[in-house]
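Just so we're aligned: 6 in the working numbering is position 3 of the sequence shown, and the numbers increase by one with no gaps anywhere. Note that CB positions come from ideal geometry on N, CA and C, so glycine has one too. Here the structure is a predicted model, which is why all the values come from computation and not from measurement.
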Amino acid sequence: MGPRRPWVVGVSGASGTPYAAAVLRGLLDAGESVDLIVSRASRLTLLDETGISFRDAHWREDLRTWLARGADGKPDTFSPDVSDVRHWAAGDLAAGPSSGSYRTKGMLIVPASTACVAGVALGLSKDLLQRTASVTLKERRALVVAVRETPLGGGTLRHLVTLDDAGAVVLPASPGFYAGATHIQDLVDFVAGRVLDAAGVPHRLYRRWEGELGGSRTGPEPDPGVPRTTGPESA
4 MGPRRPWVVG VSGASGTPYA AAVLRGLLDA GESVDLIVSR ASRLTLLDET
54 GISFRDAHWR EDLRTWLARG ADGKPDTFSP DVSDVRHWAA GDLAAGPSSG
104 SYRTKGMLIV PASTACVAGV ALGLSKDLLQ RTASVTLKER RALVVAVRET
154 PLGGGTLRHL VTLDDAGAVV LPASPGFYAG ATHIQDLVDF VAGRVLDAAG
204 VPHRLYRRWE GELGGSRTGP EPDPGVPRTT GPESA
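(1) Are the region 116 to 136 and the region 11 to 19 touching by the rule of at least three beta carbon pairs closer than 8 Å?
(2) Going by the CB atoms, is the gap between residue 74 and residue 113 shorter than 8 Å?
(3) For residue 111, which residues does DSSP report across the bridge?
(4) Mind checking who residue 92 pairs with in its DSSP beta bridge?
(5) What is the residue span of the alpha helix (DSSP H) that residue 124 lies within?
(6) For the alpha helix (DSSP H) holding residue 196, just list the boundary residues, first then last.
(7) Going by C-alpha to C-alpha distance, which of 22, 172, 107, 141 sits closest to residue 49?
(8) On the criterion of 16 or more Cβ atoms from any shown chain inside 10 Å, does residue 177 qualify as buried, or is it exposed?
(9) To the nearest angstrom, how far is the alpha carbon of residue 79 from that of residue 67?
(10) Looking at C-alpha atoms only, which residue of 199, 173, 203, 209 is the closest neighbour of residue 189?
(11) Using the Cα positions of residue 58 and residue 215, report the straight-line distance between them to the nearest angstrom.
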């Protein structure tokens with residue numbers, strides 16, 4: 004077994020904490036190691052959207068509670084195994100991911116707020132999340148930025164172009180409806196699946212387009228050889 008080489012998941016303060024939860028579950032279901040950075044602003048969003056506090060001293064317990072919750076707010080919808088997650092405090096600028104010599108597969112920012120997008124595009128590194136994104140870009144590793152805002156102003160659009168020019172994948176959190184969604188979790192999983200697609204991580208979070216109209220209603224389920232998070236429609 005080789006040295007641990009995780010994906011870094013950064014959660015910023017934008018609305019959309021269910022997207023982050025679905026991506027984290029997808030990574031863990033695929034057998035990936037995860038380093039987690041939860042910004043200070045995102046903790047307020049998480050509390051507002053789910054009623055769950057994220058505390059540094061109890062992060063594993065809080066993370067397990069968060070990942071077990073469905074997008075519809077129902078607790079204990081999932082049974083996450085968080086044993087291969089490592090948490091880094093957002094204010095810890097001496098943390099492992101702050102250095103390019105700390106080996107990672109890349110970074111996924113889900114969701115990414117406009118403030119986070121601006122900070123990364125400008126290289127501000129005001130906290131560990133932004134610093135790790137800058138390190139990911141300079142080391143030419145995969146960076147996926149799932150921006151969650153609407154409408155988008157000119158400044159944010161220019162920042163997103165800057166990130167694209169730097170090699171990041173700009174991935175708006177825009178659910179698609181061709182996959183036959185019947186539950187809010189399906190819409191969340193579609194976006195999470197596209198994030199994992201951009202990272203090259205296998206999953207079974209949504210039905211893929213096969214070039215056949217109505218295929219989402221009549222076609223087969225996703226490839227059974229690829230992990231899928233157990234959700235309310237498949238439990």
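Taking the geometry as given:
(1) Here the region 116 to 136 makes contact with the region 11 to 19; the two share three or more CB pairs at distances below 8 Å.
(2) The residue given as residue 113 occupies position 110 in the sequence shown. The residue given as residue 74 occupies position 71 in the sequence shown. Result no, Cβ atoms of residue 113 and residue 74 do not sit closer than 8 Å.
(3) By 1-based counting over the sequence shown, the position of residue 111 is 108. Paired residue(s): 12, 147.
(4) For the purposes of this step, residue 92 is identified with residue 89 of the sequence shown, where counting begins at 1. Paired residues: 41.
(5) By one-based count along the sequence shown, residue 124 stands at place 121. That run of the alpha helix (DSSP H) goes 117 to 125.
(6) One-based indexing of the sequence shown puts residue 196 at position 193. That run of the alpha helix (DSSP H) goes 187 to 202.
(7) Here the question's residue 49 lines up with position 46 in the sequence shown. Nearest C-alpha to residue 49: 22.
(8) By 1-based counting over the sequence shown, the position of residue 177 is 174. Exposed.
(9) Your numbering for residue 79 matches position 76 in the sequence shown. Your numbering for residue 67 matches position 64 in the sequence shown. If I take the Cα positions, the gap works out to 10 Å.
(10) Taking the first residue of the sequence shown as 1, we reach residue 189 at position 186. The residue with the shortest Cα to Cα distance from residue 189 is 209.
(11) Within the sequence shown, residue 58 is the residue found at index 55, counting from 1. Within the sequence shown, residue 215 is the residue found at index 212, counting from 1. Spanning the two alpha carbons is a distance of roughly 47 Å.
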